[in-house]
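Following the UniProt record's numbering, the numbering of the sequence shown begins with 1 at its first residue and continues without gaps.
What follows is a single structure, written as structure tokens, with notes after it.
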Amino acid sequence: MLKINNLDIFYGGIHALKKINLEVKQGEIVTLIGANGAGKTSTLRALSSLEKPKNGEIIFNGENITGMAPHKLVAKGISHVPEGRKIFANLSVMENLELGAYLRKDKKSIEEDYEMVFEKFPRLKERIKQNAGTLSGGEQQMLAIGRALMNRPKMLLLDEPSMGLAPLVVNDIFDTIVEINKAGTTILLVEQNANKALSIADRAYVLETGRITLQGTADELLHDDKVRAAYLGE
Numbered sequence: 001m002l003k004i005n006n007l008d009i010f011y012g013g014i015h016a017l018k019k020i021n022l023e024v025k026q027g028e029i030v031t032l033i034g035a036n037g038a039g040k041t042s043t044l045r046a047l048s049s050l051e052k053p054k055n056g057e058i059i060f061n062g063e064n065i066t067g068m069a070p071h072k073l074v075a076k077g078i079s080h081v082p083e084g085r086k087i088f089a090n091l092s093v094m095e096n097l098e099l100g101a102y103l104r105k106d107k108k109s110i111e112e113d114y115e116m117v118f119e120k121f122p123r124l125k126e127r128i129k130q131n132a133g134t135l136s137g138g139e140q141q142m143l144a145i146g147r148a149l150m151n152r153p154k155m156l157l158l159d160e161p162s163m164g165l166a167p168l169v170v171n172d173i174f175d176t177i178v179e180i181n182k183a184g185t186t187i188l189l190v191e192q193n194a195n196k197a198l199s200i201a202d203r204a205y206v207l208e209t210g211r212i213t214l215q216g217t218a219d220e221l222l223h224d225d226k227v228r229a230a231y232l233g234e
């Protein structure tokens with residue numbers, strides 16, 4: 001479904017991603033783990049055309065989408081939940097969700113999808129008219145995911161969904177990610193909580209200073225001594 005071939009990204013003189021090769025098959029949860037500054041967010045930003053690669057290509061459903069305008073990628077079925085949520089703080093919960101569906105014209109299905117989001121995140125329904133900036137961190141993360149789902153994405157890019165959240169909220173968010181995947185959405189998950197990410201993923205890649213140093217099934221990496229020492233605190 002998604003292939004990244006020999007991707008290079010530079011920030012000025014800094015070579016942030018070095019010949020990255022990565023694949024996500026339809027229906028999978030694939031996770032990208034690594035330390036801060038390893039290049040995880042840069043990878044997702046390249047996929048969303050928020051960063052321009054120096055070299056390499058990105059193929060989505062057989063089409064080269066490298067450098068395609070971000071709104072066109074949304075129309076192709078890619079939704080990105082960015083690091084730090086990036087919700088519209090001065091707009092209500094409902095207005096944020098409406099913006100998630102801004103490219104859609106199918107009013108009846110849009111109404112159904114609002115209900116789908118509220119079913120997944122009942123707290124958002126309780127706060128439907130509340131300004132998004134007044135929500136708790138966990139509720140803002142739910143809203144960011146809900147907004148992305150309003151595009152009916154084929155693929156969901158999730159950047160650090162557990163960041164800054166209490167353990168119980170993290171469990172809820174990860175349960176929902178699994179639900180979204182089971183309902184048919186392919187997921188590429190960037191996550192510093194390697195243990196949590198590997199516990200729900202099918203396959204995983206380890207990024208270190210802009211290079212992929214390990215890849216395999218999530219179970220293989222969960223039991224890899226190097227991964228356990230570096231990322232699982234063992």
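Idealized CB from N, CA, C, for every residue including glycine.
The structure displayed is predicted, hence computed values, not measured ones.
Name the DSSP beta bridge partners of residue i, please?
i, result
"glycine 216", "Ala204"
"leucine 32", "Val190, Tyr205"
"leucine 17", "Ile9"
"glutamate 63", "Phe60"
"arginine 45", "Arginine 45 is not bridged to any residue."
"asparagine 55", "Asp8"
"histidine 80", "Leu157"
"serine 199", "DSSP output for serine 199 lists no bridge partner at all."
"valine 24", "Leu2"
For a test of the three-state rule: what should DSSP assign to residue i, helix, strand or coil?
i, result
"histidine 223", "coil"
"arginine 228", "helix"
"isoleucine 87", "coil"
"glutamate 179", "helix"
"leucine 50", "coil"
Distance check for residue j and residue i, CA to CA, integer angstroms please.
i, j, result
"asparagine 21", "asparagine 64", "15 Å"
"isoleucine 212", "asparagine 36", "14 Å"
"glutamate 23", "glutamate 111", "34 Å"
"glutamine 141", "lysine 54", "32 Å"
"residue 244", "proline 82", "Because the chain here runs from 1 to 234, residue 244 falls outside it and cannot be looked at."
"leucine 232", "isoleucine 200", "15 Å"
"alanine 230", "alanine 89", "36 Å"
"glycine 13", "valine 117", "43 Å"
"glycine 160", "glutamate 191", "One point to set straight first is that residue 160 is glutamate, not glycine, in the sequence displayed. Straight-line Cα distance between these residues: approximately 5 Å."
"aspartate 225", "valine 178", "26 Å"
"glycine 146", "alanine 194", "23 Å"
Taking 9 Å as the threshold (C-beta atoms), are residue j and residue i in contact?
i, j, result
"glutamate 51", "isoleucine 9", "yes"
"leucine 168", "isoleucine 33", "no"
"valine 93", "leucine 143", "yes"
"residue 273", "leucine 99", "The requested residue 273 is not part of the displayed model; the chain covers only 1 to 234."
"leucine 103", "histidine 71", "yes"
"glutamine 215", "arginine 203", "yes"
"lysine 3", "isoleucine 78", "no"
Runs of alpha helix (DSSP H) wholly within the region 94-175 (minimum 4 residues, chain order): 107-120, 122-126, 137-149
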